[in-house]
Each structure stands twice: as C-alpha cells, then as structure tokens.
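Notes to accompany the following structure.
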Amino acid sequence: MLLKNTIKKIRKSFGRYISLMMIILIGVAFYAGIKESIPDMKEVQTDYYQETNLMDIKVQGSLGLTDADVEAIRNLPEVEDAEGSYSKFVMEEDHVIKVHALTDEINGVDLIEGAYPEDDSSCLADANTYHVGDVITVREVEGENLKVHEFTVTGTIRSPLYTGTDYGDADIGNGSLTSYIFVPETVFDYDTYTEIYVTANKGDNNVPYSSAYNEAVNDAVQAIEGISSEREEARIDELLEPYQGYPEEVVEEIRSGLTSDWYLFDRDDVVTMYTTTGHEYNQLTTLSNVIPVFFIIIVVLMTSNTMSRMIVEERSEMGTFASLGITNKRIIFNYLVYVLSSTILGTVFGYLLGSIIIPQLIYICFPIDVPALSYHFRLDYFCIYLLVTVTVMFLVTVYSCHRELKNKPANLLRPVSPKSGKTILLERIGFIWNHLSFSWKITLRNIFRYKKRVFMTLIGTAGCTMLIMIGFAVQDSINGVGEKQFREIHRYDNLVVLNQNVTNHEEVEPIIDGIVTNELLLNQSYYDVIKDGVDDLSVTVLIPEDDSTKFEHYFDLEDNETKDDLTLTDDGVIISNKIADLFSVQAGDTISLRDSNDTVYQVKVSGVALNYVSNYIYISKGLYESLTGDELTFNSFVSEDVLDEEEVSTELLNQDEVLSVNLASTLLAKSNGGIEGLNYIIALLVIISCLLCFAVLYNLTSINISERTREIATLKVLGFKDLETNEYIYRETLVTVFVGILLGFCMTPFLHAYLIDLLENETVTFLRTIQVTSFVWAGLLTLVFAILMQIITFFKLKRINMIESLKSVE
Numbered sequence: 001m002l003l004k005n006t007i008k009k010i011r012k013s014f015g016r017y018i019s020l021m022m023i024i025l026i027g028v029a030f031y032a033g034i035k036e037s038i039p040d041m042k043e044v045q046t047d048y049y050q051e052t053n054l055m056d057i058k059v060q061g062s063l064g065l066t067d068a069d070v071e072a073i074r075n076l077p078e079v080e081d082a083e084g085s086y087s088k089f090v091m092e093e094d095h096v097i098k099v100h101a102l103t104d105e106i107n108g109v110d111l112i113e114g115a116y117p118e119d120d121s122s123c124l125a126d127a128n129t130y131h132v133g134d135v136i137t138v139r140e141v142e143g144e145n146l147k148v149h150e151f152t153v154t155g156t157i158r159s160p161l162y163t164g165t166d167y168g169d170a171d172i173g174n175g176s177l178t179s180y181i182f183v184p185e186t187v188f189d190y191d192t193y194t195e196i197y198v199t200a201n202k203g204d205n206n207v208p209y210s211s212a213y214n215e216a217v218n219d220a221v222q223a224i225e226g227i228s229s230e231r232e233e234a235r236i237d238e239l240l241e242p243y244q245g246y247p248e249e250v251v252e253e254i255r256s257g258l259t260s261d262w263y264l265f266d267r268d269d270v271v272t273m274y275t276t277t278g279h280e281y282n283q284l285t286t287l288s289n290v291i292p293v294f295f296i297i298i299v300v301l302m303t304s305n306t307m308s309r310m311i312v313e314e315r316s317e318m319g320t321f322a323s324l325g326i327t328n329k330r331i332i333f334n335y336l337v338y339v340l341s342s343t344i345l346g347t348v349f350g351y352l353l354g355s356i357i358i359p360q361l362i363y364i365c366f367p368i369d370v371p372a373l374s375y376h377f378r379l380d381y382f383c384i385y386l387l388v389t390v391t392v393m394f395l396v397t398v399y400s401c402h403r404e405l406k407n408k409p410a411n412l413l414r415p416v417s418p419k420s421g422k423t424i425l426l427e428r429i430g431f432i433w434n435h436l437s438f439s440w441k442i443t444l445r446n447i448f449r450y451k452k453r454v455f456m457t458l459i460g461t462a463g464c465t466m467l468i469m470i471g472f473a474v475q476d477s478i479n480g481v482g483e484k485q486f487r488e489i490h491r492y493d494n495l496v497v498l499n500q501n502v503t504n505h506e507e508v509e510p511i512i513d514g515i516v517t518n519e520l521l522l523n524q525s526y527y528d529v530i531k532d533g534v535d536d537l538s539v540t541v542l543i544p545e546d547d548s549t550k551f552e553h554y555f556d557l558e559d560n561e562t563k564d565d566l567t568l569t570d571d572g573v574i575i576s577n578k579i580a581d582l583f584s585v586q587a588g589d590t591i592s593l594r595d596s597n598d599t600v601y602q603v604k605v606s607g608v609a610l611n612y613v614s615n616y617i618y619i620s621k622g623l624y625e626s627l628t629g630d631e632l633t634f635n636s637f638v639s640e641d642v643l644d645e646e647e648v649s650t651e652l653l654n655q656d657e658v659l660s661v662n663l664a665s666t667l668l669a670k671s672n673g674g675i676e677g678l679n680y681i682i683a684l685l686v687i688i689s690c691l692l693c694f695a696v697l698y699n700l701t702s703i704n705i706s707e708r709t710r711e712i713a714t715l716k717v718l719g720f721k722d723l724e725t726n727e728y729i730y731r732e733t734l735v736t737v738f739v740g741i742l743l744g745f746c747m748t749p750f751l752h753a754y755l756i757d758l759l760e761n762e763t764v765t766f767l768r769t770i771q772v773t774s775f776v777w778a779g780l781l782t783l784v785f786a787i788l789m790q791i792i793t794f795f796k797l798k799r800i801n802m803i804e805s806l807k808s809v810e
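What follows is the structure in structure tokens.
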C-alpha cells in the first residue's frame, strides 16, 4: 500500500519530483564535469606527448651542433635520449612556414591522413592548413640549405611541437609563422645540425606541468649546461683544425672572431601555447575549486527545503498512516523512496551527462590541438557523489519525518494553525502604508508572516543571481586586459629588436628610413628579482634613452593606487604592480636585481606602475650607468608605423641588422588569445547557472502553490478570477525575487574579488571592475526565469479544484 501511495505521490507531484531531480542533476553534472575536465585533458596530453616522444629540451649552437655534441648529451645520466635535427623558416608565397626534418625517435608526428614521404620531393603537412595532394612551393630568404623547393603533400599530420593554433613567431617575412611541414632529413644541406632535441630522464614523472616533471627537466638542463663550455670550445677547435700549421697569431686571430654559445630551450619556449595551456589549466582548477561549491550549497539548501516543506505539507497523510497502525519506520521509508529515487536518478544522470559532455565542451574551448578526449568512468568519483547526495537527502528526510511524527496522530490530522498576523514595520510609517492598495498590504503582510518560505526564496534567487553574475563579472575582468596594456600603457606600434647594440639614432636611421618614425631607443634585457623566501621572478628591464617626451609618449605609467602619472628619474626604478605584490615592496623600498652574469644590484623603488601583462622594471639611463659603471648601449627601439603594419614587419625583417619585430597588434592578439579559452568556459558557467536558476525557481514556485491550495481555493470561492488569483500569489514571489536579485548583486563583488585573485598568475593582472551591463544581464535573466515560472504554473493554479481543496482537511 505504501509503495502504491509513493508511486501515486510521484505522479501527483511529478513537476516537483522532476524539479528536485533536475536540481540535483545540474549540481552534480557541473561539479563532476568541471572537476574531471582537467584530469581528462592532462591524461590525453600526457599520452599524446608520450606516444610522439615530445622533446623536453632543445639545444641550439651559434656555430652549429655535431654528432659528438649529440653523443655527449646522450651520455649524461639526467638525459634519456638526444637526437640531432634540422629546421628552417621559409616563404610560401607571402606566408612564413617552417620546414622540419623527420626524426627517428624524438618529436614523432600524428598521421591523420595519407602516408609518409617516400622521396625528397614529398612531405607531411599541417592538417589545419593543407590537404593530401597539395603542392607546396617554398622560397629561402637566407642561404641555400634545401635541396628541394617543391613538395607534394603525401600525408597530413598533427605535431606535438604545435600544440596550439598560434604557431608563434618567425625571423623572416612578417614575423608570424602560419604553418609547418616535415620532410626527409636528406632534403637539408647543412654541415651541422641546427638543433638537438633532448628528452630528460623522467622515469614515471612525465605529466606535463607537474612539479616532478619540471624538476627532472631542470636537472637535465643543469647537466647540459655543465658540459656546454667544453663542447663550445671543442667546436671552435674543430673549426680551427684546417688551420693547423698556420702561425699562432693567425690562428688566435681566427679564434677571436669565433663565438661559440649553446642556447637551451624547454617546452615553454618551443611548444606553441604550452605555457598558455598550463595557465588555463591552473585557472580552470581554480574555478573548479570555488564555483561548484556554491552550486552544491544551493542544491543542498533547495533540495532540503523541498523535502522538509513537502513533509510538513503532508502531515495529515502521515497522521492517517499513523492512526492505521503503520509504524514510523514504514512511514519514513515511504518518503525515503520518493526522495532517494529522485536523488539517485539525478546523481546518476548528472554524473554521466556532466562527465561526458562538460569535459568535451571545455576541451573545445581550450586553444590546444591534441587528439580527442576519451571518456573515463571514474567509479571512485561517482561513488563519492552518490554517497554525499544520498546521505544528505536521507538525513533531511528522516529528520523532517521524525519532527512531525513526534506529534500524536490526532494532531497530525489537523492542519497547522496559521501564524497570527503581526503589525509590520511599514504599518508604522503611515505616509507609505496609507498609500498602498489592499492587495499590496496583504502581500507585504504575507511576506513578513511566512519568513522561512521567503528566506528560502531569497537564498535561492540570490545564489542563482550571484552565479550568473559572477560569470559576467569575470568576463569583465579578463576581457580588455590586452587593450589596456597595448593601447593605453604601451602605446607604440612596434618593438624592434636589433642584432647588434647601437649608441645613437644615426646608426638606426638607414634601417628605418621610410618604414617607421619617431623611434625611441631602448636597452631591453632580462633580470631576476630576488628575495629570500620568495621564488625568483624573471622580469623585462627597459632602459630608454634620455628623452622623457618620447618615453612618456610611448609609455603611459600611472601609480597603481593613486593613478597619478609617474616620471622616470635617476632617484629610483619604476616597477610593475605584480612585482610589488609578489615581493611585498612599495615606493621607497629597495629590491635586488640579478643580471645574466649573476651580478646583483640593489635599487630603490621610486614608483609602482599599473600593469596588466608581463612584468616590467623601468630604469633611467643615468641610474643604469651609475649602478653598472658602463655606458648604456641600445639593442631595440619602439616607434610608430609609416607603412602598413604587414609591410613594416616584412621590410624591417629583411634588414640584416634586425633580429625580430613585435607588432603591437600581434602582442594584443596573443594576449587576448591567451584568455580566449577561459572566456568560453565562463560562458558555459553562465549557461549552467541559468539552468540551475530555472530549476530552483520552478521548484520554489511549485512548493509555494502546493502549500497554499486551500488559500487559493478560498480566493476562487470569494470570486477572484484566474488572473487576479495569479497576481495575488505571484506578487509575493516577484517582490521576493527582486529583493533576492539585489542581495545577489551585493554578494557578487566579494566572490568576484576573491576569484580574480586566484585566477591571476605571476605575469597577469586582471581588471577589478564589474560593468553595469553585467548587473543588468544577471538581473534580467533571473527576472525572466521568474516570470516564465509564473506563466508555466499559471495553468497549475487554474486547475485547482475549489471543493476538493477546501474539504481536504476533513
């Protein structure tokens, strides 16, 4: 009988049953999905890198690299393997592509379509750009190092060296790499290797971005650096062998003209989007540790409220069962079947949908090009989610039932006496109260009379509004950072790095004539900020020429707090705000800078400048020279374009004196691209928050109507029409929802500030402002859902039977 009653109860209150299940489903789906996204993506990335044996370190040498260098590196205990290879930037029409040599062991490729090359005129090409059968004609800008210049694509591939869709920079053309191909190594005509790829001896520590992986790579880097001097000298000796027998002074003169240096790069430098992906993993992990908690709190509160109010509403039924001699355990079991069936269904479907769909959506949002995700059913995770949801609903139901069953059956059969009306505060304010209509007076009295019901509606509405708004608020903070940095703070059109240092404008005039104008000479170098107890931080140090007008034209430095303009003087350096935060310094304090020669300088901080991307220290020419005792020379300049920016980049890179060209527009695009994935994930958060808001408001509205059927029936008997009855009930809901929205607005800034602090890393500062449009959209969406609930439940009100509802007590 009780089982049949439970089934009948589910059918009778199917809307409430489904809304209960949907709230649990949405909460579990979001929590499970976002929590499992990072492990799923890292697992795919790790497997992909292992299958292709992606390099950990790339070594390049100014005089080339030999088989002896490869063998020397391979014999290091910290190194697992080393392999020499070739690569070169070339032009395909007006685009820059990179030609790589196919290797045997390291940096394998993922063949998507077609076959491997069988001769030197065939190649494997980027699947995002080319198709099997395409013919690629390349042109070398510097030197003649390719035996073949026309290739037929026999297969399309994905390369682990190009994890993202941004392929990075080039030193020819317009400075931007657009694609890549792989050819047999016999295509290259070099005397030495252009690079050596190295895999570190990592053991089982092969998970990208993990501390164990980084430690293994750092050990390998230090070991390679330990033999670099010896190998650099050996390379010079090798080049001098043909001059054996020449006079010693001739040999020494030749030796003095040879510079042999090794340069080491890790995945952060070589694999495109590798660093950005790592930052986005950290940001998503932060979101998954914070936002789902609020989802779960709302889910727990709403589901608990649903069951406790349902049990109170059905106390007369419990009294009937008790009077028939049915034990309390069986009565409680009746409600447990109702709630736990809904809970288990919601948890099962929520976990399956969340763990399957959400990681796939987040994977699409991430700017990485790796094989597709595979689904992993994590039994331990599922059991934890099921145990938590079932335990919470079990305890709430048992507690609510016990609280009612303490009463005697005769008391349970009677309805709960209505709360007596009390004078509310507004009644004491005659100017307001006397101008309210009768309907509004009743509405306000009911709101203050049924505080628990109103409180739960407030909490549900405020929580959902906050979750929707936090998505918009985070987007406000992360969007526009690039524009702030490269349009308002750094206001140059391009930053050009030179091959050799210069001392004056006359030396750069022939390079820039007719291409750029109004150049400001700079010395740009990299220093480490050091402090005991704090990790070293690599920063860009900019030292401009003595021209304050030009400097202030290109660099608009404002005080981080007062927003007053900062002036560069010989009294101290100006540091960016993130440096000040990480090292707990302010204007007037002293910081320690270590250069590439391990020389440490103590400098006074004269100002802390607002900065959003990267970390900068600005030093005046006079202060630099007094610190080092050296005369300042310049290795770069910023300027304004005369030609189209594409032409500027191409023309400057054609100059032998130019090493690289950084266009402000490119820097801006890269900055925005670095947060694009996070933007999409935040949009997903807003959508799921809207779904939860919809389910919560439907649930609260449905309960409100069920509890007040006798009151609604009385109104109908008194002659209230359907629309008037609807207005009577929903006026209270709308007032409560409106107050809940305002409460959500008040709560959001605190969560927003906390979340932005967590999302930032050591190189990025996000905006702290929330746009007015975010308040508007969050409020409108919540209000729309509330109105939509009125429309849906209007028909439920209409179907209430006056006679049945009024006699139900008897």
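Going by UniProt numbering, the letters in the sequence shown line up with residues 1 to 810, in that order. We put the CB at the ideal spot given by N, CA and C, even for glycine.
In the DSSP annotation of this structure, Val764 is not part of any alpha helix (DSSP H), being labelled neither H nor E. Distance from Leu498 to Glu657 at the Cβ level is roughly 6 Å; contact confirmed, criterion being Cβ atoms closer than 8 Å.
Assigned with DSSP and collapsed to three states, Leu783 falls in helix.
Here the alpha carbon of Ser229 sits roughly 12 Å from the alpha carbon of Ala223. DSSP places Phe295 inside the alpha helix (DSSP H), whose first and last residues are Tyr274 to Glu313. With respect to the 8 Å criterion, Val642 and Gly514 are classified as neighbours on the basis of their beta carbons. At a Cβ-Cβ threshold of 8 Å, Tyr554 and Ile296 do not count as neighbours.
Thr540 carries a strand assignment under DSSP once its states are collapsed to helix, strand and coil. In this structure, Gly33 places its C-beta atom within 8 Å of the C-beta atom of Ser355.
Just measuring C-alpha positions, the residue of Thr199, Thr736 and Cys383 sitting nearest Leu76 is Thr199. Following the DSSP letters along the chain, one finds Leu65 in no beta strand (DSSP E), marked with neither H nor E. The same chain holds no residue with a CB closer than 7 Å to that of Glu71 once the five nearest residues on each side in sequence are set aside.
Shortest Cα-Cα distance from Asn446 to any of Pro292, Glu732, Gln771 and Met466 involves Glu732.
Between the beta-carbon of Ser639 and that of Asn518 there is about 6 Å, and that keeps the pair under the 8 Å contact cut. Pairing Val187 with Ile112, the inter-Cα distance amounts to about 23 Å. Runs of the beta strand (DSSP E) lying entirely within the region 164 to 203, each at least 3 residues long, are 177 to 183 and 195 to 200 in chain order. Beta-bridge partners assigned by DSSP to Arg594: Asp528 and Val600. Per the C-alpha coordinates, the member of Leu767, His752, Leu734 and Leu751 positioned closest to Ile787 is Leu734. Going by DSSP, Ile332 is part of the alpha helix (DSSP H) stretching over Asn328 to Cys365. Secondary structure within the region 655 to 726: the beta strand (DSSP E) runs of 3 or more consecutive residues, fully enclosed, are 658 to 663 (chain order). When C-beta atoms of the region 157 to 172 are compared with those of the region 121 to 139, three or more pairs fall below 8 Å, so the two segments count as touching. When secondary structure is reduced to three states using DSSP, Thr443 falls in the helix class. Within a 10 Å sphere around the beta-carbon of Leu718 sit fewer than 16 other beta-carbons, which makes this residue exposed.
Between Tyr618 and Ile574, the CB-CB gap stays under 8 Å. Around the beta-carbon of Glu314, 16 or more other beta-carbon atoms lie within 10 Å, marking it buried. Collapsing the DSSP output to three states places Asp268 in a helix. Between Phe89 and Asp171, the CB-CB gap stays under 8 Å. Measuring C-alpha to C-alpha distances from Gly173 to each of Thr276, Glu645, Leu691 and Ser626 identifies Glu645 as the nearest. Residue pairing by DSSP places Ile97 opposite Val90 and Ser179 in a beta bridge. The region 483 to 510 contains, as complete beta strand (DSSP E) runs of 3+ residues, the segments 494 to 502 (chain order).
When C-alpha distances from Leu751 are compared across Pro292, Glu105, Thr259 and Asn699, the shortest belongs to Pro292. Looking at the DSSP output, Val613 bridges to Val764. With contacts defined by Cβ atoms closer than 8 Å, Thr725 and Ile712 form a contacting pair. No residue range can be given for Val138, since it is assigned to no alpha helix (DSSP H) and is classified by DSSP as neither H nor E.
With contacts defined as CB atoms closer than 8 Å, Val529 and Leu593 qualify as a contacting pair. Contact check between the region 459 to 469 and the region 737 to 750: three or more CB pairs, one atom from each, fall below 8 Å, which counts as touching.
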